[in-house]
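Numbering (this note's numbering), first residue to last: 33 to 286.
No residue lacks a Cβ here, since even glycine has one placed at the ideal position from N, Cα and C.
Keep in mind the model is a prediction, meaning the values are calculated, not measured.
In structure tokens:
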């Protein structure tokens, strides 16, 4: 009996192609998802999940790989010189970490369902990532002297915004779950978002922010794009918070 058999408890030896086919029918709804997630991150994560399943890896191991890639990218950002090569390496590691972040949940569904402990671990890594991400940008700017003055306020403000955004999204989803009596983040029958919506929310997408680091070696360009993404996130929250409040108001009393 192989490692995959002992971990899945199913005694099945699915190939990668078969796993990919199964995962096509186990995808989350596109409701609220950006174009980056719908058309790149989830498909990429699906391939990684199928490979991980073939290798006998568990979802928690995949979560650990995601954390290693992400925090490795942030370490490179913090302590390497400001060059195009640094930016490219950071972007690749962050994008890879994000894809593995998608793969752990897909692997759990492929194995028949995840656990509350696994979901908790996934969110703990996400919370650490979102809290640390922009503080590393601030550290790198200050360490290298790339930027000073009011520009140094931007990563701090972005760090607050990212943590606020993450906590708000998580709380909103938890209350939705409690209201409908289901532990699923999104159910297949809860509708979908148009491609136009998915494109419109791209500036709020973590994956897009990760890609922007290919501009790290050109500080002026990176700073202005970084600022533009921050402004877009502020505007999105200004529109989304009243909408979410009205939605939750319709749920009645706890």
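Note down, in chain order, each residue of its chain lying with its Cβ closer than 6 angstroms to the Cβ of residue i, except the 5 sequence neighbours on either side.
i	result
residue 219	No answer about residue 219 holds up, because its pLDDT of 44 lies below 50 and its placement is not dependable.
residue 168	106, 109 and 110
residue 172	109 and 110
residue 87	none
residue 237	66 and 68
residue 98	129, 132 and 133
residue 272	none
residue 125	101, 104 and 105
residue 161	102
residue 77	131, 134, 135 and 138
Count the other CB atoms, across all protein chains shown, that sit within 10 Å of the CB of residue i; report buried if there are 16 or more and exposed otherwise.
i	result
residue 180	exposed
residue 187	buried
residue 277	exposed
residue 282	exposed
residue 147	exposed
residue 51	buried
residue 192	exposed
residue 53	exposed
residue 252	exposed
residue 94	buried
Can you name the start and end residues of the alpha helix (DSSP H) that residue i belongs to?
i	result
residue 129	116 to 142
residue 64	No alpha helix (DSSP H) contains residue 64, which DSSP labels as neither H nor E.
residue 187	185 to 212
Can you list, in chain order, the residues of its chain with a C-beta nearer than 8 angstroms to that of residue i? Leave out the 5 residues immediately preceding and following it.
i	result
residue 83	48
Going by beta carbon distance, what residues of the same chain come within less than 7 angstroms of residue i, once the five residues before and after it are set aside?
i	result
residue 184	170, 173 and 174
residue 269	197
residue 70	62 and 230
Would you please state the rounded distance, in angstroms, between the beta carbons of residue i and residue j? I believe it to be under 8 angstroms.
i	j	result
residue 80	residue 135	4 angstroms
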